[in-house]
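Visitor: Here you go, one structure.
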Amino acid sequence: MSLPGILIIEDEATIRKELEWLVSKRQEFNLLGSASTVTDAVEKIVQLKPDLVLMDIQLPDGNAFEILNQVPDPSFSVIFITAFNHFAIKAIKHGAIDYLLKPIDEEELYSAMDNYNRDNSSFTSRQLEIINENQKSSKQQNSRICISTLESLEFFKITDILYLSGDGSYTHFYLEGGNRIISSKPLKFYEELLPADYFLKCHQSYIVNISSIVRYLRSGFIVLNSGMEIPVSTRRKEAVVRLLSQL
């Protein structure tokens with residue numbers, strides 16, 4: 001059985017050489033080569049057929065999303081590499097893709113590579129659609145999200161979310177129609193990801209879709225259009241009441 005092949009796409013020579021060195025230290029992977037431009041990257045992906053691509057987002061002649069849009073039927077996994085870019089990172093998180101921040105941390109790189117070895121899941125066209133949507137969309141309430149569960153990748157509009165509940169390192173999504181999805185990421189991850197204009201954290205264990213709220217009970221509960229009652233913490237009560245009174 002052949003080793004998983006890795007292609008590095010990075011325009012900064014110092015970082016590219018560092019990545020090549022770090023990847024070459026892992027004997028369970030095969031370093032196929034590297035590219036520094038969109039054009040070169042597309043050619044090498046088609047030619048070398050990598051299993052995993054470490055891909056810088058910003059390149060001299062374009063960006064990583066252009067590469068993915070130009071490759072027919074991508075059948076490889078992706079780990080994005082970026083300097084901090086809030087909007088790009090939110091788009092990537094919506095697509096449930098691993099990413100690394102510059103400067104590269106060796107442990108984080110190896111952890112992302114190990115995730116690939118464990119999951120061995122290819123980047124999908126649906127994930128690319130979601131990333132593209134969230135890169136371009138100024139109306140975040142219309143965007144979609146991808147949730148990685150133990151069994152599958154789940155895709156849905158964020159407007160379908162009624163509320164989320166935290167359970168340690170897991171998050172439960174409760175959706176329109178009675179569906180429930182369990183993510184292996186904590187509630188705080190989604191607190192930072194979901195648009196604050198449309199979602200309200202009313203309790204340390206709950207985030208609700210503001211549009212699904214139909215009533216506030218003075219006993220300290222929010223009632224949703226599904227009939228579900230969500231607790232409001234004492235610490236957040238004043239802020240919640242103030243926000244709801246403005247709707």
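Position 18 of the sequence shown, counted from 1, bears residue number 18 in UniProt numbering, the numbering being contiguous throughout. By construction, the Cβ of each residue, glycine as well, lies at the ideal position given by its N, Cα and C atoms.
Ignore the nearest five residues each way along the sequence and tell me which others in residue 185's own chain have a CB closer than 7 Å to its CB.
Guide: Translated into the one-based positions of the sequence shown, residue 185 becomes position 185. The residues are 171.
Visitor: Is it buried or exposed, residue 209, if we count other Cβ atoms within 10 angstroms and call 16 or more buried?
Guide: By one-based count along the sequence shown, residue 209 stands at place 209. Buried, by the Cβ-count rule.
Visitor: With a 10 Å radius around its C-beta and 16 neighbouring C-beta atoms as the bar for buried, classify residue 74 as buried or exposed.
Guide: If you number the sequence shown from 1, residue 74 lands on position 74. With 16 or more other Cβ atoms within 10 Å, it is buried.
Visitor: On the criterion of 16 or more Cβ atoms from any shown chain inside 10 Å, does residue 157 qualify as buried, or is it exposed?
Guide: The residue you call residue 157 lines up with position 157 of the sequence shown. Residue 157 is exposed by the Cβ-count criterion.
Visitor: Run through DSSP, which three-state label would residue 35 get?
Guide: Within the sequence shown, residue 35 is the residue found at index 35, counting from 1. DSSP places residue 35 in strand when its eight states are reduced to three.
Visitor: Are the beta-carbon atoms belonging to residue 36 and residue 11 less than 7 Å from one another?
Guide: Taking the first residue of the sequence shown as position 1, residue 36 is located at position 36. Taking the first residue of the sequence shown as position 1, residue 11 is located at position 11. A contact, by the Cβ cut-off of 7 Å.
Visitor: Just verifying my parser: in three-state terms, what is the DSSP assignment at residue 228?
Guide: One-based indexing of the sequence shown puts residue 228 at position 228. Residue 228 falls in the coil class under three-state DSSP.
Visitor: Tell me whether residue 241 sits in a helix, a strand or coil according to DSSP, three-state version.
Guide: Translated into the one-based positions of the sequence shown, residue 241 becomes position 241. Here residue 241 sits in helix by DSSP.
Visitor: Determine the direct distance from the alpha carbon of residue 207 to that of residue 200, and round the result to whole angstroms.
Guide: The residue given as residue 200 occupies position 200 in the sequence shown. The residue given as residue 207 occupies position 207 in the sequence shown. Rounded to the nearest angstrom, the two C-alpha atoms are 5 Å apart.
Visitor: Here's a check: name, in chain order, each residue in its chain whose Cβ is nearer than 6 Å to the Cβ of residue 253, leaving out the five neighbours to either side.
Guide: Not covered by the structure: residue 253. The range shown for the chain is 1 to 247.
Visitor: Hey, residue 7 and residue 72: beta-carbon distance below 7 Å or not?
Guide: Residue mapping note: residue 7 aligns to position 7 of the sequence shown, counting from 1. Residue mapping note: residue 72 aligns to position 72 of the sequence shown, counting from 1. Not a contact, by the Cβ cut-off of 7 Å.
Visitor: Whose C-beta lies closer than 6 Å to the C-beta of residue 138 among residues of the same chain, with five residues either side of it excluded?
Guide: Residue mapping note: residue 138 aligns to position 138 of the sequence shown, counting from 1. Interpretation of residue 138 is limited by its pLDDT of 45, a score under 50 that renders its predicted location unreliable; no figure is taken from the coordinates.
Visitor: On the three-state DSSP scale, how would you describe residue 183?
Guide: Mapped onto the sequence shown, residue 183 falls at position 183. Looking at residue 183 - three-state DSSP - the assignment turns out to be strand.
Visitor: If you run the structure through DSSP and keep just helix, strand and coil, what is residue 220?
Guide: Reading the sequence shown from its first residue, position 220 is the one you call residue 220. If DSSP states are grouped into helix, strand and coil, residue 220 belongs with coil.
Visitor: Helix, strand or coil, according to DSSP, for residue 144 in the structure here?
Guide: Along the sequence shown, read from residue 1 onward, the residue named residue 144 stands at position 144. DSSP places residue 144 in strand when its eight states are reduced to three.
Visitor: When you compare each of 162, 99, 22, 242 to residue 225 by their alpha carbons, which one comes out closest?
Guide: For the purposes of this step, residue 225 is taken as residue 225 along the sequence shown, with counting starting at 1. The option with the nearest alpha carbon to residue 225 is 162.
Visitor: Is residue 196 buried or exposed, if buried means 16 or more other CB atoms sit within 10 Å of its CB?
Guide: As a first step, residue 196 is located in the sequence shown; it is residue number 196 there, counting from the start. It is exposed - the Cβ of residue 196 has fewer than 16 other Cβ atoms within 10 Å.
Visitor: Can you tell me where the alpha helix (DSSP H) with residue 24 in it begins and where it stops?
Guide: Within the sequence shown, the letter at position 24 stands for residue 24. Looking at the DSSP string, the run of the alpha helix (DSSP H) that includes residue 24 is 13-24.
Visitor: What does DSSP give as the partner residues of residue 155 in its beta bridges?
Guide: Counting from one through the sequence shown, the residue named residue 155 turns up at place 155. Residue 155 pairs with 146.
Visitor: Nearest-angstrom Cα distance between residue 187 and residue 148?
Guide: Numbered from 1 along the sequence shown, position 187 holds the residue referred to as residue 187. Numbered from 1 along the sequence shown, position 148 holds the residue referred to as residue 148. Straight-line Cα distance between these residues: approximately 14 Å.
Visitor: By a C-beta neighbour count over all protein chains shown, 10 Å radius and 16 as the cutoff for buried, is residue 24 buried or exposed?
Guide: Working through the sequence shown from its first residue, we reach residue 24 at position 24. The residue is exposed, with fewer than 16 neighbouring Cβ atoms inside 10 Å.
Visitor: Excluding the five sequence neighbours on either side, which residues of its own chain have a C-beta within less than 7 Å of the C-beta of residue 221, listed in chain order?
Guide: Indexing the sequence shown from 1 puts residue 221 at position 221. Contacts found: 229, 230, 231, 232.
Visitor: Using alpha carbons as the reference points, say which of 235, 223, 215, 22 lies closest to residue 112.
Guide: What you label residue 112 is simply residue 112 of the sequence shown in a count that begins at 1. Among 235, 223, 215, 22, the Cα nearest to that of residue 112 belongs to 22.
Visitor: With burial defined as no fewer than 16 other Cβ atoms inside 10 Å of the residue's Cβ, what is the status of residue 3: buried or exposed?
Guide: For this step, residue 3 is matched to residue 3 along the sequence shown. Exposed is the call here.
Visitor: So, is residue 105 buried or exposed, given that buried needs 16 or more other C-beta atoms within 10 angstroms?
Guide: Along the sequence shown, read from residue 1 onward, the residue named residue 105 stands at position 105. Exposed.
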